[in-house]
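Chemist: Please see the structure below; I have some questions.
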Amino acid sequence: MSFVQVPNVASAVGQTPYLGSHFEDGLSDLLNEWEYTPLFSSHQEYAFAPGPTICIEGLGPIGLPLNAREARVIIENASSSTVGPGSIQIDGKHITLRNPQWEKFITQALGDACKTLGVSVKNGGPHVVLDKLIVLGPGSQYVPQKSRDNNSFATVFVSLPSNFADGVARFSYGGLAIEHRPAIDPLANVTVMAWFSDVIFTFDSIASGHRLGLVYSLHHAHQTSLPPTVSHNSDFIHRLTGVFQSWKQEKAAPRDFFHLLEETYSSETLAISSLRHEDAQKAALLDVLSKQYGFRCALVSLVLCIKGSVEKERHEYDDDWNEKNPDKFKFTEVHTRSLNDKRFVNLDGSPVEHDLVINEEWYLEDDIEEEMKDHYKWTRSYYRDLDYGGLLTRETQRTGLYLWLV
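Each residue of the sequence shown is one higher than the one before, counting from 103 in the working numbering.
Dropping the structure here:
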């Protein structure tokens, strides 16, 4: 769970936050005129991640989820150093990860993190180095040390299944603060957090149990260019936060909000990891803001179906009329328009346990023909009905972000 803290938003940007009935227009305008640049930290939970199969030199394999006995064995017997009260670290050179599926997972997870941070993964992208294994105990105070490698530009903390409570991660940069809370079920989930080296980061003490994590560093692969750095748009984030503040406070504001993404994504693999470009940025930031202000953010795959009459042109009166390209036909009358959800998932791709109430205004425009020509990708089928005309069915699938008040 993640939170952004922006004190005194109105005075910070010299504008009054959007209020009441202006909420939808305000949020839509900001999302449609996207000026945002990437976040300075990322946070993603994975419910079905493989285990890394950790082997510690001189100690052997470590079982997961980490329990009190395993934690005590690591703390008492491993060749390690303390990094603060209640915590130890073991250098990565003494750690072996033996599950080949883990490398595939880390590649995916780092790709997700790089999307949020705005780091390109093309042409090989950054390479990752396992720096250390961390065990955090009750009352622990852990502040990660910056890498001495000039090509290292970001840190990644992978929280492995462990039995612990509390331990909020706090990030701040340029007057903005983000909080990432532990997974609701830390025994089952793997959480991946990443942040740029210039970002101030601290872990709150955990109240009980032990937290096991792997710390990686991201290294710039190209020697001829500078490593990536933080480049977020503070003013834009302040304005967007103002919208969420007014949404939360204004009783007359709508209970939900829907936004069509720029691209369409397969419903079978729908998750934040499948999103591209600014769609991925929108999902990441809206997820953070939604959690802070008591909302949920999910992905929806929608199917729009339009059925209506088609009138045949005079020159088309021939035997093969119904075999002509249906793209050339236009509706003379629309009989039915329907909008249905094909898939409704959390950002990690898991099904949402919430009833989706579809509002046809999300999608059904009056000028549907122009929408079809200019934007939508349709699958079309034509059925001959009468001598002077026929019936046309057109369908299209689109992807959107759905936000609602919890």
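Beta carbons are placed, not taken as given, at the ideal position from N, Cα and C, and that holds for glycine. Values in this document were obtained by computation on a predicted structure and should not be read as measured data.
#1: What residue does the alpha helix (DSSP H) around Pro202 start on, and which one ends it?
#2: Classify Ala170 as buried or exposed, calling it buried when 16 or more other Cβ atoms lie within 10 Å of its own Cβ.
#3: Short of 6 Å in beta carbon distance, which residues of its chain neighbour Asp468, apart from the five on each side in sequence? Order them along the chain.
#4: Does DSSP put Gly165 in a helix, a strand or coil?
#5: Quick one, are the C-beta atoms of Leu289 and Pro167 less than 8 Å apart?
#6: Flag this pair as yes or no: are the beta carbons of Ala385 and Asn291 separated by less than 8 Å?
#7: Looking at the structure shown, is Ser274 part of a helix, part of a strand, or coil, going by DSSP?
#8: Leaving out the 5 sequence neighbours to the left and right, which residues in its chain are closer than 8 Å to Glu126 when beta-carbon positions are compared?
#9: Considering just the uninterrupted stretch of the beta strand (DSSP E) at Ala309, what are its terminal residues?
#10: Based on Cα-Cα distance, which residue from His437, Tyr395, Lys393 lies nearest to Val412?
#11: Kindly indicate the opening and closing residues of the alpha helix (DSSP H) around Leu235.
#12: Roughly how many angstroms lie between the CA atoms of Leu391 and Asn179, to the nearest whole one?
#13: Given a cut-off of 8 Å, decide if Val317 and Lys206 are closer than it, judged by their beta-carbon atoms.
#14: Assign Arg200 to buried or exposed, taking buried as 16 or more other Cβ atoms, counted over all protein chains shown, within 10 Å of its Cβ.
#15: Report all residues from its chain with a CB closer than 6 Å to the CB of Phe273; omit the five preceding and five following residues, and keep chain order.
#16: What whole-angstrom Cβ distance do Ser189 and Gly269 have, given they're in contact under 8 Å?
#17: Taking 8 Å as the threshold (C-beta atoms), are Ala271 and Phe305 in contact?
#18: Could you name the residues that DSSP lists as bridge partners for Ser144?
#19: Return the CA-CA distance between Gly592 and Val260, expressed in angstroms with no decimal places.
#20: Buried or exposed: which applies to Asn448, given that a residue is buried once 16 or more other Cβ atoms fall within 10 Å of its Cβ?
#21: Name the one or two DSSP bridge partners that Val436 has.
#22: Which term fits Pro453, buried or exposed, when burial requires 16 or more other beta carbons within 10 angstroms of its beta carbon?
#23: Which word fits Ser123, buried or exposed, when buried means at least 16 other C-beta atoms lie within 10 angstroms of its C-beta?
#24: Could you tell me whether the Cβ atoms of Val402 and Leu441 are closer together than 8 Å?
#25: Sorted by chain position, which residues of the same chain lie with C-beta nearer than 6 Å to Leu132's C-beta, five sequence neighbours on each side aside?
#26: Candidates Gln383, Ile408, Gln210: which alpha carbon is nearest Phe338's?
#27: What does the Cβ neighbour count give for Pro163, buried or exposed, with the cut at 16 atoms within 10 Å?
#28: Classify Gly502 as helix, strand or coil using the three-state DSSP reduction.
#29: Which one of Ile208, Pro284, Gly451, Met295 has the shortest CA to CA distance from Tyr367?
#30: Taking the C-alpha atoms as reference points, what is the distance between Thr432 and Lys217?
#31: Would Thr501 and Leu406 qualify as a contact pair, given that the criterion is a beta-carbon distance under 8 Å?
#32: With a threshold of 8 Å between beta-carbons, can Thr371 be considered close to chain D, or not?
#33: Tell me which residue opens and which closes the alpha helix (DSSP H) that Leu387 is part of.
#34: Do the CB positions of Gly410 and Glu435 come within less than 8 Å of each other?
#35: Does the beta-carbon distance from Leu219 to Val230 come in below 8 Å?
#36: For Ala267, count the other beta carbons within 10 Å of its own beta carbon; 16 or more makes it buried, fewer makes it exposed. Which is it?
Modeler: Working from what's here:
#1: As a working mapping, residue 202 is identified with position 100 in the sequence shown. Where Pro202 is concerned, the enclosing alpha helix (DSSP H) stretches over 202-219.
#2: As a first step, residue 170 is located in the sequence shown; it is residue number 68 there, counting from the start. It counts as exposed.
#3: In the sequence shown, residue 468 corresponds to position 366, counting from 1. Per-residue confidence for Asp468 stands at a pLDDT of 44, beneath the threshold of 50, marking its modelled position as unreliable; no derived number is given.
#4: Translated into positions along the sequence shown, residue 165 becomes position 63. Reduced to three states, the DSSP call for Gly165 is coil.
#5: Indexing the sequence shown from 1 puts residue 289 at position 187. Indexing the sequence shown from 1 puts residue 167 at position 65. Going by C-beta atoms, Leu289 is nearer than 8 Å to Pro167.
#6: Looking up residue 385 in the sequence shown gives position 283. Looking up residue 291 in the sequence shown gives position 189. Not closer than 8 Å, so no.
#7: Taking the first residue of the sequence shown as position 1, residue 274 is located at position 172. Strand.
#8: Stepping through the sequence shown from its first residue, residue 126 is reached at position 24. Pro356, Phe359, listed in sequence order.
#9: Here residue 309 refers to the residue found at position 207 of the sequence shown. 308-311 is the extent of the beta strand (DSSP E) around Ala309.
#10: Along the sequence shown, read from residue 1 onward, the residue named residue 412 stands at position 310. Looking only at His437, Tyr395, Lys393, the smallest Cα-Cα distance to Val412 is reached by His437.
#11: Here residue 235 refers to the residue found at position 133 when the sequence shown is read from its first residue. Segment 229-238 is the beta strand (DSSP E) holding Leu235; no alpha helix (DSSP H) there.
#12: The residue you call residue 391 lines up with position 289 of the sequence shown. The residue you call residue 179 lines up with position 77 of the sequence shown. Looking at the two C-alpha atoms, the distance is approximately 43 Å.
#13: Taking the sequence shown and counting its residues from 1, one reaches residue 206 at position 104. Taking the sequence shown and counting its residues from 1, one reaches residue 317 at position 215. Contact: no.
#14: By 1-based counting over the sequence shown, the position of residue 200 is 98. Counting Cβ neighbours within 10 Å, Arg200 comes out exposed, since fewer than 16 surround it.
#15: Counted from its first residue, the sequence shown places residue 273 at position 171. The beta carbon of Phe273 sits closer than 6 Å to those of Ser143, Ile280, Trp297, Val301, Phe303, all from its chain and outside the five residues before and after it, given in chain order.
#16: Residue mapping note: residue 189 aligns to position 87 of the sequence shown, counting from 1. Residue mapping note: residue 269 aligns to position 167 of the sequence shown, counting from 1. Actually they do not touch by this definition, with Cβ atoms about 11 Å apart.
#17: In the sequence shown, residue 305 corresponds to position 203, counting from 1. In the sequence shown, residue 271 corresponds to position 169, counting from 1. It is a contact, given that the beta carbons lie within the stated cut-off.
#18: Within the sequence shown, the letter at position 42 stands for residue 144. DSSP output for Ser144 lists Ala296 as bridge partner(s).
#19: Residue 592 lies beyond the range of the chain shown here (103 to 508); nothing can be said about it.
#20: Here residue 448 refers to the residue found at position 346 when the sequence shown is read from its first residue. With 16 or more other Cβ atoms within 10 Å, it is buried.
#21: For the purposes of this step, residue 436 is identified with residue 334 of the sequence shown, where counting begins at 1. Partner(s): Gly410.
#22: Position 351 of the sequence shown, counting from 1, holds the residue named residue 453. Exposed: under 16 other Cβ atoms inside 10 Å.
#23: Counted from its first residue, the sequence shown places residue 123 at position 21. Here the model assigns Ser123 a pLDDT of 46, short of 50, so the residue's position is not dependable, and the following value carries that caveat. Counting Cβ neighbours within 10 Å, Ser123 comes out exposed, since fewer than 16 surround it.
#24: Translated into positions along the sequence shown, residue 402 becomes position 300. Translated into positions along the sequence shown, residue 441 becomes position 339. Cβ distance not < 8 Å, so Val402 and Leu441 don't count as in contact.
#25: Start at 1 with the first residue of the sequence shown, and residue 132 comes out as number 30. Here the set comprises Leu342.
#26: The count along the sequence shown starts at 1 and reaches residue 338 at position 236. Ranked by how close their Cα comes to the Cα of Phe338, the residues Gln383, Ile408, Gln210 have Gln383 in first place.
#27: Numbered from 1 along the sequence shown, position 61 holds the residue referred to as residue 163. With fewer than 16 other Cβ atoms within 10 Å, it is exposed.
#28: On the sequence shown, position 400 is the one that residue 502 refers to. Judged by DSSP in its simplified three-state form, Gly502 adopts strand.
#29: Taking the sequence shown and counting its residues from 1, the one referred to as residue 367 is at position 265. For Tyr367, the closest of Ile208, Pro284, Gly451, Met295 by C-alpha to C-alpha distance is Gly451.
#30: Counted from its first residue, the sequence shown places residue 432 at position 330. Counted from its first residue, the sequence shown places residue 217 at position 115. According to the sequence provided, residue 432 is Lys. The question's Thr does not apply to it. Straight across, the Cα-Cα distance linking Lys432 with Lys217 is about 41 Å.
#31: Along the sequence shown, one-based indexing puts residue 501 at 399. Along the sequence shown, one-based indexing puts residue 406 at 304. At least 8 Å separates the beta-carbon of Thr501 from that of Leu406.
#32: The structure shown contains no chain D; it is built from a single protein chain.
#33: Residue 387 sits at position 285 when you count from the first residue of the sequence shown. Per DSSP, the unbroken alpha helix (DSSP H) holding Leu387 starts and ends at 379-394.
#34: If you number the sequence shown from 1, residue 410 lands on position 308. If you number the sequence shown from 1, residue 435 lands on position 333. Cβ atoms of Gly410 and Glu435: closer than 8 Å.
#35: On the sequence shown, position 117 is the one that residue 219 refers to. On the sequence shown, position 128 is the one that residue 230 refers to. Going by C-beta atoms, Leu219 is not nearer than 8 Å to Val230.
#36: The residue you call residue 267 lines up with position 165 of the sequence shown. Exposed, by the Cβ-count rule.
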